[in-house]
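K.L.:
Let me give you the structure first, and then I'll get to my questions.
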Ligand code: SF4
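Residue numbers (this note's numbering): 45 to 434.
Written out as structure tokens, the structure reads:
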């Protein structure tokens, strides 16, 4: 019997220091702690051998945190461990997130040797002042150096992350960042709008500003224009907007992220990693000390029962909702045929009324058995997707 495809996420929870806007599970840690983590991570992977071998690994994603903060040989070790315990597709997409200033030629060479074939570089802005204001550790020049290193080492699939609506950012400085990135011709660009999260340094800074009657964030109108500009500049440069915030040259969509958006199975390893596997959503332990201690235990069953917290047994209603709102993030939308195969029901039977309404409102269109949001629908995607809650 042919094996089902599986994606793997590996969480590396270390950063040089915390960016002001960040609420991800990451922190600065010393070398010794990082080495301990790698050994526990490899143990977690080895213990999952039985689960892994039932599938065929199609994509791997090292995310964080800053995975490139680990030594190149540690990334090699993790990938060797994965290969020894899983069945890899020869063409598997293997991505690593890197921060400028944490990579050198030697590391890039080891990534290549380890089989990594996709790099995701977090630039965020090409303006040093803006980078400083959000607490990034690097300058634009350092980013350029890292980008150059990866190109020289033969990486032909690079993503660059950009952010809009940053403190002190203007429409023209954002346009300059966009143009500089486009000028480098990466294969993929992720362009997100800053979200100010609770309990972050940035949130406190903005509150303090507010008390003084100031506000360095762009206005809603400026933010909207940045959003329009992103579509315009990237579209003209030949990038296809295949997801609300993601743009790619033809055939260079991130296969790993497509798995998330199309509700296919993925298994996460490492601190706080979240999985969608065999109809279940679960999260790994988020406390570093507990994570490491649990992985010292002998019994495999005991380890996983303590390590993984089941969030939900995804029932049909839940899965239908997710199928719709994750799928509608994509410009190719959702397939009626796939819906029927998955849920043994016609999409119209479940969502007929809202589909009709949204078509009439110009939010949704149908072509060749697929439903997708129009440009206008994508612009108001939060409102449009809320309609698919059952
Ligand atoms: S590099 Fe990424 S994960 Fe690390 S602190 Fe900055 S935003 Fe957070």
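Using N, Cα and C, we set each Cβ at its ideal position, and we do this for glycine too. Bear in mind that the values here come from a model prediction, so they are computed numbers and not experimental data.
Among the residues of its own chain, which have a CB less than 8 angstroms from the CB of residue 236, if the five just before and after it don't count?
P.N.:
Taking the chain shown and counting its residues from 1, one reaches residue 236 at position 192. Cβ within range, chain order: 205, 206, 207, 208 and 289.
K.L.:
Does at least one heavy atom of the ligand SF4 sit under 7 angstroms from the Cβ of residue 187?
P.N.:
Working through the chain shown from its first residue, we reach residue 187 at position 143. Residue 187 Cβ: outside cutoff for every heavy atom of the ligand SF4.
K.L.:
Can you tell me the Cβ-Cβ gap for residue 278 and residue 226, rounded? I've got them flagged as a contact below 8 angstroms.
P.N.:
As a working note, residue 278 is residue 234 in the chain shown. As a working note, residue 226 is residue 182 in the chain shown. That pair is a contact at about 7 angstroms.
K.L.:
Run the CB neighbour count on residue 130, radius 10 Å, all protein chains shown included, and call it buried at 16 or more, exposed below.
P.N.:
The sequence position of residue 130 within the chain shown is 86, counting from 1. Buried: at least 16 other Cβ atoms inside 10 Å.
K.L.:
Based on the DSSP output, what are the partners of residue 66 in its beta bridges?
P.N.:
Mapped onto the chain shown, residue 66 falls at position 22. Beta-bridge pairing links residue 66 to no other residue.
K.L.:
Verify the contact flag: residue 244, CB atom, against every heavy atom of the ligand SF4, threshold strictly below 7 angstroms.
P.N.:
Along the chain shown, read from residue 1 onward, the residue named residue 244 stands at position 200. Residue 244 Cβ: outside cutoff for every heavy atom of the ligand SF4.
K.L.:
With which residues is residue 103 paired in a DSSP beta bridge?
P.N.:
Working through the chain shown from its first residue, we reach residue 103 at position 59. Residue 103 pairs with 51 and 137.
K.L.:
Are residue 432 and residue 369 close, meaning C-beta to C-beta below 8 angstroms?
P.N.:
The sequence position of residue 432 within the chain shown is 388, counting from 1. The sequence position of residue 369 within the chain shown is 325, counting from 1. Closer than 8 angstroms, so yes.
K.L.:
Any heavy atom of the ligand SF4 within a distance shorter than 7 angstroms of the CB on residue 321?
P.N.:
What you label residue 321 is simply residue 277 of the chain shown in a count that begins at 1. Checking the Cβ of residue 321 against the ligand SF4 gives no.
K.L.:
Please confirm whether any heavy atom of the ligand SF4 lies closer than 7 angstroms to the CB of residue 70.
P.N.:
In the chain shown, the residue the question calls residue 70 occupies position 26. Yes, the ligand SF4 has a heavy atom inside 7 angstroms of this Cβ.
K.L.:
What is the rounded straight-line gap between the Cα of residue 241 and the Cα of residue 67?
P.N.:
Position 197 of the chain shown holds residue 241. Position 23 of the chain shown holds residue 67. Whole-angstrom Cα-Cα distance: 7 angstroms.
K.L.:
Does residue 154 come out as helix, strand or coil in the three-state DSSP assignment?
P.N.:
Here the question's residue 154 lines up with position 110 in the chain shown. Looking at residue 154 - three-state DSSP - the assignment turns out to be helix.
K.L.:
Have a look at residue 87 and residue 400 and give me their C-alpha separation to the nearest angstrom.
P.N.:
As a first step, residue 87 is located in the chain shown; it is residue number 43 there, counting from the start. As a first step, residue 400 is located in the chain shown; it is residue number 356 there, counting from the start. C-alpha separation (whole angstroms): 51 angstroms.
K.L.:
Quick check: residue 89 and residue 120, are their CB atoms within less than 8 angstroms of each other?
P.N.:
Numbered from 1 along the chain shown, position 45 holds the residue referred to as residue 89. Numbered from 1 along the chain shown, position 76 holds the residue referred to as residue 120. No. Outside cutoff.
K.L.:
Here's the rule I'm using: 16 or more other beta-carbon atoms within 10 Å means buried, otherwise exposed. How should residue 163 be labelled?
P.N.:
Position 119 of the chain shown holds residue 163. That one is buried.
K.L.:
Can you find a heavy atom of the ligand SF4 that lies under 7 angstroms from the Cβ of residue 166?
P.N.:
Here residue 166 is taken as the residue at index 122 of the chain shown, counted from 1. Checking every heavy atom of the ligand SF4 against the Cβ of residue 166, one is found closer than 7 angstroms.
K.L.:
Pick helix, strand or coil for residue 108, following the three-state DSSP scheme.
P.N.:
Start at 1 with the first residue of the chain shown, and residue 108 comes out as number 64. Reduced to three states, the DSSP call for residue 108 is strand.
K.L.:
If you follow the alpha helix (DSSP H) that residue 443 is in, where does it begin and where does it stop?
P.N.:
The structure shown has nothing for residue 443, since the chain only spans 45 to 434.
K.L.:
Let me check you understand the geometry: is the CB of residue 110 closer than 7 angstroms to at least one non-hydrogen atom of the ligand SF4?
P.N.:
Sequence index remark: in the chain shown, residue 110 carries index 66 (1-based). At least one heavy atom of the ligand SF4 is nearer than 7 angstroms to the Cβ of residue 110, so yes.
K.L.:
Would you give the residue range spanned by the beta strand (DSSP E) that residue 290 belongs to?
P.N.:
Translated into positions along the chain shown, residue 290 becomes position 246. Looking at the DSSP string, the run of the beta strand (DSSP E) that includes residue 290 is 290-292.
K.L.:
Tell whether a beta-carbon distance below 8 angstroms holds between residue 447 and residue 286.
P.N.:
Look at the range of the chain in this structure, 45 to 434, and you will see that residue 447 is not part of it.
K.L.:
Could you check if residue 48 is buried or exposed, using at least 16 other CB atoms within 10 Å of its CB as the buried criterion?
P.N.:
Taking the chain shown and counting its residues from 1, one reaches residue 48 at position 4. The residue is exposed, with fewer than 16 neighbouring Cβ atoms inside 10 Å.
K.L.:
Pull up the distance between the alpha-carbon of residue 82 and that of residue 379, whole angstroms please.
P.N.:
Looking up residue 82 in the chain shown gives position 38. Looking up residue 379 in the chain shown gives position 335. If you take the alpha carbons of residue 82 and residue 379, they lie about 40 angstroms apart.
K.L.:
Report all residues from its chain with a CB closer than 7 angstroms to the CB of residue 326; omit the five preceding and five following residues, and keep chain order.
P.N.:
Residue mapping note: residue 326 aligns to position 282 of the chain shown, counting from 1. For residue 326, where only same-chain residues beyond five positions count, the Cβ hits under 7 angstroms are 319, 352, 353, 354 and 355.
K.L.:
Enumerate in chain order the residues of its own chain whose CB-to-CB distance from residue 321 is below 6 angstroms, with the five nearest sequence positions on each side excluded.
P.N.:
Counting from one through the chain shown, the residue named residue 321 turns up at place 277. Excluding sequence neighbours, residue 321 sits near 309 and 311.
K.L.:
Thinking just about the alpha-carbon of each residue, which of 156, 427, 255 and 335 is nearest to the one in residue 402?
P.N.:
Position 358 of the chain shown, counting from 1, holds the residue named residue 402. With distances taken between Cα atoms, residue 402 lies closest to 427.
K.L.:
Measuring alpha carbon to alpha carbon, tell me which residue in 118, 170 and 234 is nearest residue 218.
P.N.:
Counting from one through the chain shown, the residue named residue 218 turns up at place 174. Comparing Cα positions, the closest option is 170.
K.L.:
Does at least one heavy atom of the ligand SF4 sit under 7 angstroms from the Cβ of residue 143?
P.N.:
What you label residue 143 is simply residue 99 of the chain shown in a count that begins at 1. Yes.
K.L.:
Since I believe residue 250 is in contact with residue 261 (beta carbons under 8 angstroms), could you give me their beta-carbon distance rounded to a whole number of angstroms?
P.N.:
To locate residue 261, count along the chain shown from 1; it is residue 217. To locate residue 250, count along the chain shown from 1; it is residue 206. Between residue 250 and residue 261 the Cβ distance is about 7 angstroms, and since that is below 8 angstroms, they are a contact.
K.L.:
Leaving aside the five residues before and after residue 296 along the sequence, list all residues of the same chain whose C-beta is less than 7 angstroms from its C-beta, in chain order.
P.N.:
Here residue 296 refers to the residue found at position 252 when the chain shown is read from its first residue. Here the set comprises 201, 231 and 232.
K.L.:
Which of the three DSSP states, helix, strand or coil, is assigned to residue 319?
P.N.:
By 1-based counting over the chain shown, the position of residue 319 is 275. Reduced to three states, the DSSP call for residue 319 is strand.
K.L.:
Return the CA-CA distance between residue 281 and residue 215, expressed in angstroms with no decimal places.
P.N.:
Looking up residue 281 in the chain shown gives position 237. Looking up residue 215 in the chain shown gives position 171. Whole-angstrom Cα-Cα distance: 18 angstroms.
K.L.:
Within its chain, find whatever has a CB closer than 6 angstroms to the CB of residue 244; leave out the 5 residues flanking it on each side and keep chain order.
P.N.:
Sequence index remark: in the chain shown, residue 244 carries index 200 (1-based). These residues qualify, in order along the chain: 65 and 67.
K.L.:
Check each candidate in 398, 115 and 412 and name the one with the smallest Cα separation from residue 406.
P.N.:
Residue mapping note: residue 406 aligns to position 362 of the chain shown, counting from 1. Minimum Cα distance to residue 406 is reached at 398.
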